[in-house]
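To start, the structure under review is shown below, and the notes come after it.
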Amino acid sequence: MTSGPVIRRAGPDDASALAMVGAATFLESYAHVIGAADMLAHIAGKNSPEAYRAFATDPSCSLWIAELPETAAPVGYALLTPPDLPIEIDDRDIELRRIYLMSKWQGSGLGRRLIEAAIDHARRLGKKRFLIGVYSGNEGVIGFYRRMGCGQLGTRQFQVGDAVFDDLVLGMGL
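Following UniProt numbering, the numbering of the sequence shown begins with 1 at its first residue and continues without gaps.
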């Protein structure tokens, strides 16, 4: 019998695994709205091992990886960073910059476990507000965040290639 994914803090040695799951989940999430050339260019820059290694070695960032215990195959991850959002922020805020799961694990409780790990860490850091930017067309995820206690604080635009997407900026107190 197999057990569910385990969550652990990720480091620089996990950069290739994070890049693999990052690229796969970005493709799963946005292939229906982003063209192939723009998708490939975005993944090459934003989901490269070098990008994840930079996050993992930045002391202001925190990464978690969810892996299958039998194979260590990555199935999801979460990334906390200082906020980069078009709302008023201060040093007590933190942003869940990325959280992605392979589709097989969506709805399994793994996403909630990843977010809870990030929230617990943010509280230990003394942060007072947890912020998230989310694609406005992803109604299921928006509902999930609202059920966790997030409210809308603003909007932003997110560009991939020539495509511009509207995001909601959500947040909750810690």
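Glycine included, every Cβ here is placed at the ideal spot set by N, Cα and C.
By the Cβ test, the segment 20 to 39 is in contact with the segment 69 to 82, since at least three Cβ pairs between them sit closer than 8 Å. The straight-line gap separating the alpha-carbon atoms of Arg9 and Ser62 is approximately 8 Å. When only Cα atoms are considered, Asp90 and Pro12 end up about 28 Å apart. With fewer than 16 other CB atoms across the displayed protein chains lying within 10 angstroms of its CB, Leu125 is exposed. Between the beta-carbon of Leu131 and that of Val169 there is about 7 Å, and that keeps the pair under the 8 Å contact cut. Residue pairing of Gln157 in beta bridges, as defined by DSSP: Asp166.
When DSSP states are grouped into helix, strand and coil, Met20 belongs to the helix group. Fewer than three pairs of CB atoms, one per stretch, sit closer than 8 Å, so the segment 33 to 44 makes no contact with the segment 97 to 104. If you draw a 10 Å sphere on the C-beta of Glu50, you find fewer than 16 other C-beta atoms in it, and that means exposed.
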